[in-house]
Amino acid sequence: MGRRAKLDDETIVYYIRRGLCMKPLQTAIATMHFNTPSEMLVAIRRFVANDPGTNDSSNSVRGERTNILRSPPLLNAANQNSRLCYNCFERGHLSLNCPKPQRRPRCVKCNRTDHAQNDCPTAARTQANRRETINRIAQHTDNKLLTKTVEIGDDEFECIVDSASSCSLIRQSEAQRIGQIKQVEPAQQLKGFGGAVYLCNKKIIATIRIDDVILEGVLYIVDDEQMDKQILIGTDILLQEGRCCTIRGREFKMKSEFENIRTGPISSIDKEQLSEVLEKWHKCFSTNLSTIGRSNSTEMEIRVTTSKPVSRQPYKVPFPRRLKVEEMIDELLKAGIIRPSESEYSSPVILVAKSDGTDPLCIDYRALNANTVKEPFPVPSVEEQVAQLAGNSFFTTLDFISGYYQIPIAESSKKYTAFATHIGQYEFSVAPFGLTDAPFKFQREIRKITSRMKRRVVSYVDEIIIPSKNIKEGLEALDEFLGILAEIGMTLNIKKCTFLATEVSFLGHRITKEGILPGEVKTDAIQKFPTPSNRTEVRQFLGLTSFFRRFVQGYAQIALPLTRLLKTKDAEPFTWTFLEQEAFDTLRRALYHPPILEIYDVKRQHEVHTDASSNGIAGVLLQESDNGLKPVMYFSRKCSETEAKYHSHELEVLAIVDSLERFRMFLIGKRFRVITDCAALISTKNKTPLHPHIARWWLRLQEFDCEYSADRMRHVDALSTAPVEPPNPTKTVADLVLKVELDEHDFLTTIQLQDMKLANIVKVLQGMSSEQATQIRREYVYKNNRLYRKVDDQLRFVVPTAMRWRVVRTYHDDMGHFAAEKTLDRLRKDFWFSKMRKYVKSYISACMECVYNKTVTGKAEGQLYIDTVKPIPFMRLYLDHVGPLPKTSRGNQYILGITDPFTKFTVLKAVRSVNTQPVIRALNELTSYFGLPAIVVTDRGTAFTSHNFAEYCKLNGIQHIQTAVRTPRANGSIERINQTVCKCLRASCVSDSDWDTAIRDIQWTLNSNTNATTKYSPNDLIFDFRLWDVVHNRLVQAIHDEANDSQESIDIRRERATKAIEAEQAKWKQRFDRQRKKPSQYQEGDLVVITNDAPSTGFSRKLEPRYRGPHLISKVLRFDRYVVEDIEGLQRRQRRFNSVFHAEHLKPWCTAAPFLDNDTDGSDNEEDPGNVPGQESDLSGVAELSQTSNRDNDG
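Numbering (the numbering used here), first residue to last: 2 to 1196.
Structure follows, in structure tokens:
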């Protein structure tokens, strides 16, 4: 057997020596040394033949059960005549009386005779090549065995802890006590020393508690006589994931993974109770990718917007880092996170170096995300979440381990996640990092878990906190949450969890039972912030500290010297005086020693204190506590130039409106007080008539349940006189009014009663006689003091003429600036007024935000215009630069290209810069051979817009045509040449430093090859003889020597080329115009906006306006081109803007809406779904109904 296993002689001798069952034989063999197994076999046979005790069949080495599991009885040594000499192996005497020389004991490990085996200094033989064995099955009374008392259910058992056994055993009688015995199919072979086999066909699956550590494992059942202990625990249970055990002498200790968890200052008894909860749900925690959970309640689906597979070439990975990629791929495969893929989709892999030196594997899903249907999930407000922590003393924070990896992906969507590496293509089985919808899907799953706890758990994105008033409540909530988590199948990261702490960090705040403080990370950054040395650093410091402005009363006043410093012009010197230094130091100290704010508690009483001045408005939300009122939140902002001119009581109203808007989430639905220091303000609430904007402010406050009183607000004065926040440019006075909750209709109802036309209709509905009474009652309803229009058996609120723009503004501006149809669809569900469709379209055409940010959909504007080609070489030239390219050893970085649109003859020059002088030198060289052109066409590069180039063209009588901005097709001849040149350079250049040496050959090739359009080479259309090939190919030269010149004259070639060019131009025009629409026409003096092409700054430009302006059209050019310049008096830059744009890059400025708030203008008959065809729709007075019934029946 050893030979078949390819074991060496020494190893075979070792195993045979260890496998001997008889003690006398073991003792005798231990004193001998054998070089080969054959020598050992001879000694064993001699011993057995001379020892009669070995003939007992019960001690046979071939036994399969008892002889392996039970030690044999000792040999009978009573027969003195059969005494064996262990020195000479002869009978009749003992080794002490042996006449032969005494044998010296030899160490069986190192073969030396100066020590015994137990004292051998040689290291123990490695066990790596041994087969798995059950080392301790035989009955044994050795007191060195490790024993332990364990619990299974409510019963205790004595067990042997055997770190060398690969499986665990239990006696038959103990297994019957536990129950739930299962069959093992096929029967398990249990092997011990000597190769003996025990067949086991029964097992139980038990939950075992060892030293308060709960383990689950399989116990194989053996007969009672095979073990003297009840249970044997092997490595299959001891070495489970996340478990640790220690052995010191005869002491065995099982350690829990929860011993070193982070907890608050709780007692040892509480820690034991916490450990019991965690051990109960130990499967809810993971430590690596191979053990993370996976949700069984959801799947992530990816919906794409295109049927064309999104596939990108993989990025190149440096060879030294490829091994790292292979290791990470192997780890993800073993964890089941990815799998091999054959998807037609593919995204590249990128290694992103982190600050800790690691290189996590990331997938660049930008192309896929751009074609993915977004499913946003509303993120709760930070203040709302923090507010739920009020009144609690203990906090448990939980963190998911690799949260996205716990969300499985639907089978049909896995193909979209495919990514390519240098070793193959793979796809994710779970949500990977980088997918646009992965965060929302994960948040939605977390919300599903926490929603089952009925507000006993607070969550924000992937952070979870369990607040409690005492430890018992906290443990109960934790037990319930972990139970839900185990049911769903997700796991937490035990290293990032904190249990029953009295102070935790949550959403950038420090949460304690006393209140809320700024997070330590942010305050640490403020303490270490260096003294600013320029305006940029001052702005950075204020940006950092403003994060905490609601924690510091009077922040704006403290920071005033710094904010004033930012208002100075950049040209003025930066002056840092003691005032700025004092403000800087005070602000730092104030922020890392902040006053404690009260955590909002909805059950307590609240007050809002406000104040206003010409500098700004401010408010403080206070909460009643045991020690009086304590602040919950501060608010302040500066007044705009218009607001600064308001009367004091107007500013006070504005302060209340803005403060309540800021504190709205805390105050809606509860009774509170508003305290202001303007006594005259209180009287304006019920005063009539009110100034319109004050009336609207008071109407805005109708959603709050509050009472008002006057008092001096000294603690708010500082905030209002030196506010921190700038005036909101998007929140004018009108904006505040327009944020009325329209479903209340309070303001609109008031205006309805002031509209004379609607008032007459109401009077008719209330009983006044009229010739139109029947029609009015059929079309209108007066209900709850409001006038409604009947439309499709539904009631729609009739909007007064004076309020139409406000309603439309709310439904358009405040709801995302959707187009006319979507705005109408929303609007007509609740409202009605005459000519609704026309009105909405007019309003949207005048919406400034839409003008700047909405792009034109559908076909692009513009048609292809063709210049007539005259069969005269070099009459017209096209010029352009290519670059920058890698700098060559001769200093060249650009290529100047010059081409003739008729012959397609091209000249290429390598130049160092895009200045004007290299262009002029190239033109002088070209014109010295072929004469001056009549027209030169270029783009608007600096080399061609300079004064020197204009002078050159003027002196030589050349007409210079500049293409419109971002219209490369106007210079298409040279643009196409540029593409070809770059392709040739990439294919032919050996080094980046010598690409300019290949320009000559590329130019020759372009001019000598047959052009696809003209069917002739450029050389054939210029010269009437065949040119010598400069590539020096001898075979080509020989052909040239023997070939006859073409008999076709150059005039015929040029005539045919002209016709070919005209045919090709007509084909391209037809193809281009088919994909375009006719451009918009503009006149001189029109106001337009132009597409925004701001240079890249390294920051995202996703939310930047798509257009800029307005600008004035000063001149109309041919081919839908316009000269666009700054409006007089509205110049934005030091240099007056003046450029040429094609119509496709222009859009009309806000159009006027002449009939806004006027329903008597025009006789539009366009069908309006907001009105009912066949019914009179104008909201005229009763006396005017007969005149308008046929005019506005379409709405």
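Think of the CB as a built atom: it goes at the ideal place given N, C-alpha and C, for glycine as much as any other residue.
As a beta-bridge residue in DSSP terms, H1112 pairs with V1089. As summarised for the region 297-383, the continuous beta strand (DSSP E) elements at least 3 residues long and confined to that stretch are 339-341, 348-352, 362-364, given in chain order. Across the set R1001, S308, Q1004, D1052, the C-alpha of D1052 shows the shortest separation from the C-alpha of F1026. Relative to L333, the option among M769, T569, P801, T292 whose CA is nearest is T292.
Counting along the chain, the unbroken beta strand (DSSP E) around T150 starts and ends at 148-153. Shown here for L493: same chain residues with a beta carbon closer than 8 Å to its own, the five before and five after excluded, namely C285, F286, S287, L399, D400, F401, I402, L486 in chain order. The DSSP-derived three-state label of T499 is strand.
Cβ-Cβ separation between V326 and L362: approximately 7 Å, consistent with a contact (criterion under 8 Å). Within the DSSP secondary-structure output, P1149 pairs in a beta bridge with V1089.
By the criterion of a C-beta distance shorter than 7 Å, T1059 is surrounded in its chain by V870, P872, once the five residues flanking it on both sides are discounted.
Look at R807 here: in three-state DSSP terms it is helix.
Boundaries of the alpha helix (DSSP H) around T824: 821-828. Going by DSSP, H818 is part of no alpha helix (DSSP H) at all; its letter is neither H nor E. Assignment of M634 by DSSP, reduced to helix, strand and coil, places it in the strand class.
Judged by DSSP secondary structure, L909 falls within the beta strand (DSSP E) whose first and last residues are 907-912.
Within the same chain, and ignoring the five residues on either side of I238 in sequence, the residues whose Cβ sits closer than 6 Å to its Cβ are S169, L216, G218. Look at the beta carbons and you see the region 606-624 touching the region 646-662: at least three pairs across the two are nearer than 8 Å. The C-alpha of V278 lies about 16 Å from the C-alpha of G265. In summary, L95 is exposed, with fewer than 16 beta-carbon neighbours lying within 10 Å of its beta-carbon over all protein chains present.
In the structure shown, F401 adopts extended strand secondary structure according to DSSP, grouped into three states. Apart from sequence neighbours up to five positions away, the residues of its chain that approach I495 with a beta-carbon distance below 6 Å are F286, ordered along the chain. In the three-state reduction of the DSSP assignment, F950 falls in the helix class. Buried is the label assigned to M491, since at least 16 other Cβ atoms lie within 10 Å of its Cβ. If you draw a straight line from the Cα of F259 to the Cα of L580, it comes to about 54 Å. Sixteen is the threshold: when 16 or more other Cβ atoms of the shown chains lie within 10 Å of the Cβ of N1012, as they do, the residue is buried.
By the neighbour-count criterion, in which a residue is buried when 16 or more other Cβ atoms sit within 10 angstroms of its Cβ, L479 is buried. Rounded to the nearest angstrom, the gap between the Cα atoms of L878 and A1061 is 19 Å. The beta carbon of E428 lies closer than 7 Å to those of I339, R340, S342, S344, K415, K416, T418, A419 in the same chain, with the five residues before and after it left out.
In this model, L956 and I364 are separated by some 59 Å (Cα to Cα). Between L652 and A591, the CB-CB gap reaches or exceeds 7 Å.
By the C-beta density criterion, K905 is buried, having at least 16 other C-beta atoms within 10 angstroms. For F420, there is no enclosing alpha helix (DSSP H); the enclosing beta strand (DSSP E) has its first and last residue at 420-422. For P562, the enclosing alpha helix (DSSP H) stretches over residues 561-568. Beta bridge pairing from DSSP links I234 with V162. Taking C-beta atoms under 8 Å as the contact rule, N372 and T307 qualify, at a distance of about 5 Å. Inter-segment contact for the region 466-473 and the region 430-448 is absent: fewer than three beta-carbon pairs are separated by less than 8 Å.
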